[in-house]
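Worksheet: one structure, shown below.
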DNA sequence: TATTGTTATACTCTATAACTATA
DNA sequence: TATAGTTATAGAGTATAACAATA
């Protein structure tokens, strides 16, 4: 059971715990990405483009929870390495459509593989009986947090 | 089941999801603390002192995962409001023992109540069958992340 | 010399607001 | 005028190194 009374009696805040866990994950992730010469936010951009091009940069920025002005440095780096392309939208030339290149997808998949392996190792600490429930709960919380 | 294969097929990285969830929690938490004129890190300091005084400031800083130099602004603020006390350790006068005052404990409990209520509301989105497992898993991950 | 608390400096990151080009 | 992308400026947050007191 997880009634309000039980929850209130927990030693630590959920926020504090999440903060600690996330910090560890980010540290491990940064190291992995560093080995492939990819910055954290650049990886986030690549990952956001995985399911298809972004019609606007502002849209892309919103998708990863960033300001559109801070997205630009990432796009400059990525475009400079041929990992993404920025093409003007013929229908409205103010917009630039951002697309993943084959090289970009290749690098993304490599990074993602590294990161998934690291996360799987981390989750191995969680008793197997709770693992699926944890991931389901996280899906729900993350979905709710994006709106 | 949550086998490696299933996990690798997840749409989003766990890190990205945690990042999104934590951002939402921190935003809500900041608003609650703001209403009581308490800064986030100051709250972390109060919470860390809940189970007893800290023998050294450096120790306290490590407990909340902060640099000892950045702890000082918090302690200055808190001591200025009479929420904590910094007393020189008689055995080693280099050290300063940090203690929660009654007023500090009162404010801490009030803030904590606000935050727990907010977190409980957030967790209400998670199907009840998964809630306890999620919290158990989080306990485990957080414990592992602190070492 | 080493350690604790503290202060000072430089650096990074972030937020805000301007600028351009299109519409 | 309004919007998308971009650039520039100022502010907050962070890391690093120095400093004084004590051991």
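Residue numbers (this note's numbering), protein chains in the order written: chain A, 6 to 152; chain B, 6 to 152. We put the beta carbon where it would ideally sit given N, CA and C, even for glycine. As the structure is a computational prediction, the values presented were derived from the model and not from experiment.
- Across the set A:115, A:150, A:60, A:77, the C-alpha of A:60 shows the shortest separation from the C-alpha of residue 95 of chain A.
- For residue 26 of chain A, the closest Cβ of chain B is nearer than 8 Å.
- Within its own chain, the residues whose Cβ lies closer than 8 Å to the Cβ of residue 41 of chain B, once the five positions on either side in sequence are excluded, are 112, 115, 116, 119, listed in chain order.
- By the Cβ neighbour-count rule, residue 25 of chain B is buried, with 16 or more other Cβ atoms within 10 Å of its own.
- Nearest Cα to residue 107 of chain B within the set B:88, B:27, B:124, B:12: B:88.
- Proximity of chain A to residue 131 of chain B at the Cβ level (cut-off 7 Å) is accounted for by 142, 145, 146, in chain order.
- Listed in chain order, the alpha helix (DSSP H) runs fully inside the region 72-127 of chain A are 73-85, counting runs of at least 4 residues.
- Contact annotation: the region 126-138 of chain A touches the region 129-138 of chain B, with at least three C-beta pairs closer than 8 Å.
- In the DSSP secondary-structure assignment, residue 59 of chain B is bridged to B:103.
- Each residue's CA atom was taken as its position, placing residue 123 of chain B and residue 34 of chain B some 8 Å apart.
- Under the Cβ criterion of 8 Å, residue 84 of chain B is not counted among the residues facing chain A.
- Within its own chain, the residues whose Cβ lies closer than 7 Å to the Cβ of residue 91 of chain B, once the five positions on either side in sequence are excluded, are 80, 84, 101, 103, listed in chain order.
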